[in-house]
Every structure is written in structure tokens, then in C-alpha cells.
Amino acid sequence: MNTRVLSATVLMASALYTAPAFSGAIYANDVSGTWTATTPEAPAVTGLGTSTILWGNPTYYGQKSGYRFEGFAPPSYEVEENSLFELGRFIHFNYPITGSTLETASLRVGTTLSIDGLEKTVESVFDFTHWETVNNPRNGICANGSYNGHGVNYYGCADRVTFSRNEGASEEVVIGNKAYYVDISGFFYNHKLADEFWTVEYWKNKATLIGSIKSRAIEVPEPGTLALFGLGLLGMGLSRRKA
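In the working numbering, the protein residues as written are 3 to 245.
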């Protein structure tokens, strides 16, 4: 009997067998963000490949407009699957500018997770859409439907930031029989969760990006199918030896 072929067959069948689902603690050990693409591109927008992008010709004390992302880990903190947690801080530097303004930007967030003691990094891409509104409209009504000079429009009409997860550019990590990924649930500011962020002019606006760890089950072959597959491999090995 060819013991080398048998050993390989057993190992392959064992590797394909359904792994037990992990149900232990999940920790976020590190969260970092990098802006990877913008519209318009450089040189209109600077800072690609870093955590901060800037644009426009400043008209207020040399301040450009911009975005920044600051991850909340380290230090490590525990999270629960399908429960909301604080991923990091999003900052919009909303200052009056001239020239080109941002339209879209892509943020790659790397989240290093520890799941049942196994450490994996999940990379997720989130696409942000920027609406640079008119600061002083003629009719006095701002883009958010409220009057200029009141509330979030106190210093001029607020700009709007929205986002969506780019599923095609985002990754999953497989542990056991689950594929884990990170999603963003919204902006947390003014004591509430929202899917859009209206930002004050002449201000460094901060919101917490709220995320969640999600997973999907991975289909694996049935044990009976695996046994037949293993016997088939064994037969192939013996046939090659006889030949």
C-alpha cells in the first residue's frame, strides 16, 4: 500500500471537512484608514495614500477643506458580531474655498480583529460623496431645507457628506465556517445615528463612524461526499503506482 498517497488523501479530506463555528470573543486590535481615490484627482486633491486629504484654495486664514479619519484602536476593545461599535472618528474641515472641490473619495479601512485568538485584518472600502453647497443662496433656503443663518447653517449653508460600502473592493476573512467583514452603519453626531452628515461652515466637524462586524456562513461539502472524494483520490494514487 502506498502510505504516502494515503496520508495525502486523509489530510486533504480532513482539510475539507466542516470546521466548527467560532463563537468566542471578538476584539478590534487596530483600526486605520487611508484615502485611496478621489474625484477630482491630484493635484486638485492632495494627501492620497494618507489619512487626510485636502482641497481648494483657502480664503479663511489659510485653511483648506478636507477629510480625515482616525481609528479608535489601539488600544484593543471588545466588539460583538452584529452589534454596533465605534470604528473611528471622521473629520470634515469645512472652510470656505475657491477653485476645485471634492466630489467623491474612497477610504480603505483596515480593521485587525482577534477572533477566538486568531488575528486577521479585514480591509473594507467606503465611498464618500461630498456635496459642496452654496453658502449664501439668494432665496435664503439652504440645501438641507432650512434657513440660512440658523442651526447647522448658522455660519452659511452646511455641506453634506454621505457614504456607502464598496462591496466589490472590500475583503472578507474566513475563520472556521464563517466569512467575516466590516460594515459602516452611519455617522454618530448630535447624540444620534444618521446616514448623512451635515457640516457647519468655518468649523472642524467631527462624527464617529459606527461600524459592525458581520459574517456569512460558508457552504462546505457533506461528510459523505468528502469520504467518496477521499476514496477517489486514493484509487487514483494506487492506479498510478500500478502503472
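Ideal Cβ positions, reconstructed from N, Cα and C, are used throughout, including at glycine.
_Please tell me whether G58 and T103 are closer than 9 Å, where the distance is taken between their beta carbons._
Taking the sequence shown and counting its residues from 1, the one referred to as residue 58 is at position 56. Taking the sequence shown and counting its residues from 1, the one referred to as residue 103 is at position 101. In contact: G58 and T103 (Cβ atoms closer than 9 Å).
*Per DSSP, the bridge partner or partners of N141*: Within the sequence shown, numbered from 1, the residue matching residue 141 stands at position 139. Per DSSP, none; premise fails for N141.
*Quick one: is R110 buried, meaning 16 or more other Cβ sit within 10 Å of its Cβ, or exposed?*
Working through the sequence shown from its first residue, we reach residue 110 at position 108. Classification for R110: buried.
*Tell whether a beta-carbon distance below 9 Å holds between K180 and A219.*
Looking up residue 180 in the sequence shown gives position 178. Looking up residue 219 in the sequence shown gives position 217. A contact, by the Cβ cut-off of 9 Å.
*Other residues of its chain near T100: CB distance less than 8 Å, five sequence neighbours each side excluded*: Taking the sequence shown and counting its residues from 1, the one referred to as residue 100 is at position 98. Closer than 8 Å at the Cβ level, and outside the excluded window around T100, lie G58, N59, T61.
_With H, G and I counted as helix, E and B as strand and the rest as coil, what does DSSP make of A160?_
The residue given as residue 160 occupies position 158 in the sequence shown. Coil.
*Looking only at DSSP bridge pairs, what is E80 linked to?*
Taking the sequence shown and counting its residues from 1, one reaches residue 80 at position 78. According to DSSP, E80 bridges with Y29.
*asked:* Taking 9 Å as the threshold (C-beta atoms), are Y69 and F128 in contact?
replied: Mapped onto the sequence shown, residue 128 falls at position 126. Mapped onto the sequence shown, residue 69 falls at position 67. Their beta carbons are not under 9 Å apart, which means F128 does not touch Y69 by this criterion.
*Environment of N261 [buried if 16+ CB atoms lie within 10 Å]*: Here the chain covers residues 3 to 245 and nothing more, so residue 261 does not appear.
*Can you tell me the Cα-Cα spacing of A30 and T114, whole angstroms?*
Counting from one through the sequence shown, the residue named residue 30 turns up at place 28. Counting from one through the sequence shown, the residue named residue 114 turns up at place 112. If you take the alpha carbons of A30 and T114, they lie about 6 Å apart.
*For A44, which residues from the same chain have a beta carbon less than 8 Å from its beta carbon, with the 5 sequence-adjacent residues on both sides left out?*
Residue 44 sits at position 42 when you count from the first residue of the sequence shown. If we look at A44 and ignore the five residues flanking it on each side, its Cβ neighbours are L50.
*Drop a sphere of 10 angstroms on the beta-carbon of A27, count the other beta-carbons inside from all chains shown, and report buried for 16 or more, exposed for fewer.*
Sequence index remark: in the sequence shown, residue 27 carries index 25 (1-based). Result: exposed.
*Identify the residues that DSSP records as bridge partners of P1: which are they?*
Within the shown structure, residues of the chain are numbered from 3 to 245, placing residue 1 beyond reach of any answer.
_With H, G and I counted as helix, E and B as strand and the rest as coil, what does DSSP make of N207?_
Stepping through the sequence shown from its first residue, residue 207 is reached at position 205. It is a strand residue.
*DSSP beta-bridge partners for T38?*
Translated into positions along the sequence shown, residue 38 becomes position 36. Its beta-bridge partners do not exist; DSSP assigns none.
*Straight-line CA distance for Y156 to S148?*
In the sequence shown, the residue the question calls residue 156 occupies position 154. In the sequence shown, the residue the question calls residue 148 occupies position 146. The alpha-carbon separation between Y156 and S148 amounts to approximately 10 Å.
_Whole-angstrom distance between W205 and E121, CA atom to CA atom_ = Taking the sequence shown and counting its residues from 1, one reaches residue 121 at position 119. Taking the sequence shown and counting its residues from 1, one reaches residue 205 at position 203. Going from the Cα of E121 to the Cα of W205 covers about 38 Å.
*Exposed or buried, which one is S217 when buried takes at least 16 other CB atoms within 10 Å?*
On the sequence shown, residue 217 is found 215 positions in, with the first residue counted as 1. By the 10 Å Cβ count, S217 comes out buried.
*Which residue comes first and which comes last in the beta strand (DSSP E) that contains E121?*
For the purposes of this step, residue 121 is identified with residue 119 of the sequence shown, where counting begins at 1. Here the beta strand (DSSP E) through E121 covers 120 to 133.
*Of the choices N207, E203, N168, whose alpha-carbon is the least far from that of N138?*
Working through the sequence shown from its first residue, we reach residue 138 at position 136. N138 has its Cα closest to that of E203, out of N207, E203, N168.
*Which same chain residues, not among the five before or five after F231, have their C-beta less than 6 Å away from its C-beta?*
Within the sequence shown, the letter at position 229 stands for residue 231. Any reading at F231 must be qualified, since the residue scores a pLDDT of 44, below 50, and its modelled position is unreliable; no value is offered.
_With 16 other Cβ atoms within 10 Å as the buried cut-off, status of D197_ = Here residue 197 corresponds to residue number 195 of the sequence shown, with the count starting at 1. Exposed: under 16 other Cβ atoms inside 10 Å.
*Apply the 10 Å Cβ neighbour rule to S166 and answer buried if 16 or more other Cβ atoms are within range, or exposed otherwise.*
For this step, residue 166 is matched to residue 164 along the sequence shown. When all chains shown are included, S166 counts as exposed.
_What residue range does the beta strand (DSSP E) around S116 cover?_
On the sequence shown, residue 116 is found 114 positions in, with the first residue counted as 1. From DSSP, the beta strand (DSSP E) with S116 extends over 106 to 117.
*Contact under 9 Å by Cβ, H94 with V163*: Here residue 94 refers to the residue found at position 92 of the sequence shown. Here residue 163 refers to the residue found at position 161 of the sequence shown. Their beta carbons are under 9 Å apart, which means H94 touches V163 by this criterion.
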